[in-house]
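Numbered according to numbering that gives the first Met the number 0, the sequence shown spans residues 0 to 523. We put the CB at the ideal spot given by N, CA and C, even for glycine.
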Amino acid sequence: MTQSIDKDRVLIFDTTLRDGEQSPGATMTHAEKLEIAGLLDEMGVDIIEAGFPIASEGDFNAVSEIARNAQNSVICGLARANIGDIDRCWEAVRHAKQPRIHTFIGTSPLHRAIPNLTMDEMAERIHETVTHARNLCDNVQWSPMDATRTEWDYLARVVEIAIKAGASTINIPDTVGYTAPVESADLIKRLIAEVPGAEDIIFATHCHNDLGMATANSLAAVAGGARQIECTINGLGERAGNTALEEVVMALKVRHDIMPWHTGVDATKIMNISRRVATVSGFPVQFNKAIVGKNAFAHESGIHQDGMLKNAETFEIMRPEDVGLTESNLVMGKHSGRAALRDKLGQLGYEVGDNQLKDIFVRFKELADRKKEVYDEDLIALMRAGEDAENDRLQIVSMKVVCGTGGPAEATIEMEVDGRDITETETGDGPVDATFKAIRKIHPNQAHLQLYQVHAVTEGTDAQATVSVRLEEDGMIATGQSANTDTVVASAKAYVNALNRLLVRRDKAGPGSDTREISYKDVS
Ligand code: KIV
Ligand code: ZN
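Printed below as a string of structure tokens:
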């Protein structure tokens, strides 16, 4: 069990794979979850919340496998306040060297109203469920969801019950991002001072970013005595997201003078995992995002560049290399060889075997022929493009799109559908519309297009465009991505990628098989 003995050590609890994955459309595949968990484990994250095992077979399998693979981190699963959830969670995490069960219930008046439990009935439920979890596992975390809108007396009462029942970590979630720094610090301070037994356990803070204060609230909670911060890579999460791991880790490093706490995270791994999470979740990082945004270390104005050349500290409070950003991310061109490609992919977190390298090298050369300079982001996009293709039921074979000022655009698409070759032509309002209509003619479906987003991953008119497409069908959501120097080709492939993922989800789906169909409110 990882418990802090150093009073200034703050445990980092990463919930990218649970709370982060709950962002609509951020669904990751099994392989992607394992990869991200591996990177978190390697970078020194203390606790990984790997998923919500009762939510689906997929979640259960991912948590179990992450638990088996983890080398250093505690592996935690989420469970509502009922015996079935907790048993299922334990089944999944028990394989870990250091397992943890995290169980929760909504304690604020609004949340109490949903399961229709009286205060006393809920208190009894907390006692029963935490006791049950503790009988299975000696590392139990308990959360009163919406703690920051729970009446003080009731919050103090239920926290005491959970501690007495055996919880060794009490997490205080600001579920709707409602609190502010002063209040966040005071709440933890008061709980530690007034709840019997509080001095023997660890208080955690779990902040959502609805008012843009999540990181500030988390650090304030630490000032109040919390010693575990719950966060996600890139701040991924529902609505405005969660506290961003990279922000708390770097804030504690850079302002150690006024915040004398530290984490065990290797900050030089931040950039790599940030990019991987952006890619696999389909949520690109905004350019001006602190620490990991594309512009976080860019100095374009003349006065800034001049200052930077004389002394980097003029405009930088941390160095790019502190977060793993190498001096120049210009990597390769058409003369680069296989060994250089393998080496670069390794630096980006991809270990490739000889056969895979052969295949990627061909695609890299094709790209390098089209583009003068190939950047890290281009390679990441290239790797990602090849990841799903193998088992896809729908594949684009060729496409031709005509567009211009003279009339509607026309797209002719040739696709392989379960091994059958089909070609269709459609017109539309612009090349992307015509392309999507032709794909729908080949593979009729009711999926509703929720999001269509284009990002240039590098600079220049020959930049690769990364396109994200989010589809929804019967409550199921799937995100597809693709990158290409041709935006329309990337759009077609992203759309087909999302359709393939929807097909996989539909095949696997049984009732209640999706996280979003599981209600947090359902405690019975
Ligand atoms: O935000 C929240 O309250 C949560 C709980 C499940 C801990 O994510
Ligand atoms: Zn949350």
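How close, in whole Å, do the beta carbons of residue i and residue j come, if the pair is a contact with beta carbons under 8 angstroms?
i	j	result
Ala219	Pro172	Actually they are not in contact, since the Cβ atoms of Ala219 and Pro172 sit about 15 angstroms apart, beyond 8 angstroms.
Val194	Val158	5 angstroms
Asp45	Ile11	5 angstroms
Val400	Ala410	5 angstroms
Ile438	Pro23	Actually they do not touch by this definition, with Cβ atoms about 23 angstroms apart.
Ile100	Ala132	4 angstroms
Ala497	Thr478	6 angstroms
Ile104	Ile74	Ile104 to Ile74, Cβ: 22 angstroms. No contact.
Ala213	Thr242	4 angstroms
Gln449	Gly281	Not a contact, Cβ separation roughly 11 angstroms.
Lys36	Ile65	According to the sequence shown, residue 36 is Ala rather than Lys. Right, their Cβ atoms sit about 4 angstroms apart.
Does the distance between the C-beta of residue i and the nearest non-hydrogen atom of the ligand NAD fall short of 7 angstroms?
i	result
Thr174	Among the ligands modelled here, namely the ligand KIV and the ligand ZN, the ligand NAD does not occur.
Return yes when at least one heavy atom of the ligand KIV lies under 7 angstroms from the C-beta of residue i, else no.
i	result
His447	no
Asp58	no
His205	yes
Leu77	yes
Ser22	no
Ser273	no
Asn81	no
Asn68	no
Asn170	yes
Ala397	Residue 397 is actually Ser in this sequence, not Ala. False, no ligand heavy atom lies under 7 angstroms from that Cβ.
Asp420	no
Ser142	yes
I want to check one thing, is the minimum distance from the CB of residue i to the heavy atoms of the ligand ZN below 7 angstroms?
i	result
Asp550	Outside the displayed span of the chain (0 to 523) sits residue 550, for which this structure offers no information.
Asp209	no
Asn241	yes
Asp13	no
His101	no
Asp485	no
Asp342	no
Asp18	yes
Excluding sequence positions up to five away, which residues of its chain have a Cβ less than 8 angstroms from the Cβ of residue i?
i	result
Arg8	Arg226, Trp260, His261, Thr262 and Gly263
Asn294	Phe286 and Asn287
Ala277	Asn233, Pro283 and Val284
Tyr153	Thr106 and Met118
Leu537	This structure cannot speak to residue 537, because the chain is shown only from 0 to 523.
Taking the alpha carbon of residue i as the point to measure from, which residue in the options has its own alpha carbon closest?
i	options	result
Asn271	Ala91, Ala146 and Leu347	Leu347
Pro283	Ala250, Thr28 and Glu376	Glu376
Asp5	Ile162, Gly336, Gly196 and Ile201	Ile201
Thr426	Ile82, Thr434 and Met331	Thr434
Val466	Ala380, Glu127, Leu366 and Tyr374	Ala380
Phe360	Glu350, Gly336 and Asp119	Gly336
Ser63	Asn71, Gly211, Arg419 and Pro98	Pro98
Thr484	Val495, Arg500, Lys343 and Thr460	Thr460
Lys436	Tyr494, Gly474, Gln463 and Thr486	Tyr494
Thr412	Gly406, Gly405, Thr404 and Thr422	For the record, residue 412 in the displayed sequence is Ile; it is not Thr. Of the listed residues, the one whose Cα sits closest to Ile412 is Thr422.
Arg419	Asp391, Lys163, Ile228 and Gly405	Asp391
Asp265	Arg238, Gly43 and Leu378	Gly43
Arg369	Ile191, Ala462 and Glu31	Ala462
Leu33	Val279, Lys440 and Gly323	Val279
Gly50	Asn71, Ala80, Thr15 and Ala30	Thr15
Ala203	Gly211, Asp209, Ser183 and Arg504	Ser183
Met398	Gly240, Asn115 and Val488	Val488
Ile47	Thr28, Asp13 and His94	Asp13
Pro108	Asp145, Thr28 and Asp209	Asp145
Glu31	Arg274, His94 and Leu378	Arg274
Cys525	Asp321, Pro319 and Asp18	The structure shown does not extend to residue 525, since the chain is modelled only from 0 through 523, so no value can be given for it.
Thr102	Ala161, Glu41, Lys333 and Leu366	Ala161
Lys163	Ile316, Lys333, Gly196 and Arg362	Gly196
Keeping to the same chain, check which residues put their C-beta closer than 6 angstroms to that of residue i; ignore five residues upstream and five downstream.
i	result
Thr178	Thr147 and Asn216
Ile53	Asp84 and Arg87
Lys364	none
Leu38	Ile272
Glu245	Ile269, Ile290 and Val291
Leu502	Arg392
Met258	Leu251
For residue i and chain C, any beta-carbon pair shorter than 8 angstroms?
i	result
Ala339	Looking for chain C here will not work: only one protein chain is present.
If I measure Cβ to Cβ from residue i and keep anything under 7 angstroms in the same chain, skipping five residues before and after, which residues do I get?
i	result
Glu415	Gln394 and Val396
Cys402	Ala408, Gly429 and Pro430
Lys96	Ala69
Leu329	Legend: pLDDT at Leu329 = 47, less than 50; position of this residue unreliable, value from coordinates given subsequently. Excluding sequence neighbours, Leu329 sits near Glu372 and Tyr374.
Asn499	Asp387, Asp391, Arg392 and Leu393
Lys188	Gly223 and Gly224
Any chance the stretch 135-144 sits against the stretch 161-172, with 3 or more Cβ pairs inside 8 angstroms? Using a C-beta cut-off of 8 angstroms, the stretch 135-144 makes contact with the stretch 161-172, since at least three inter-stretch Cβ pairs fall below that distance.
Quick check: the stretch 441-457 against the stretch 465-473, are at least 3 beta-carbon pairs closer than 8 angstroms? The stretch 465-473 and the stretch 441-457 touch, with no fewer than 3 CB-CB distances between them shorter than 8 angstroms.
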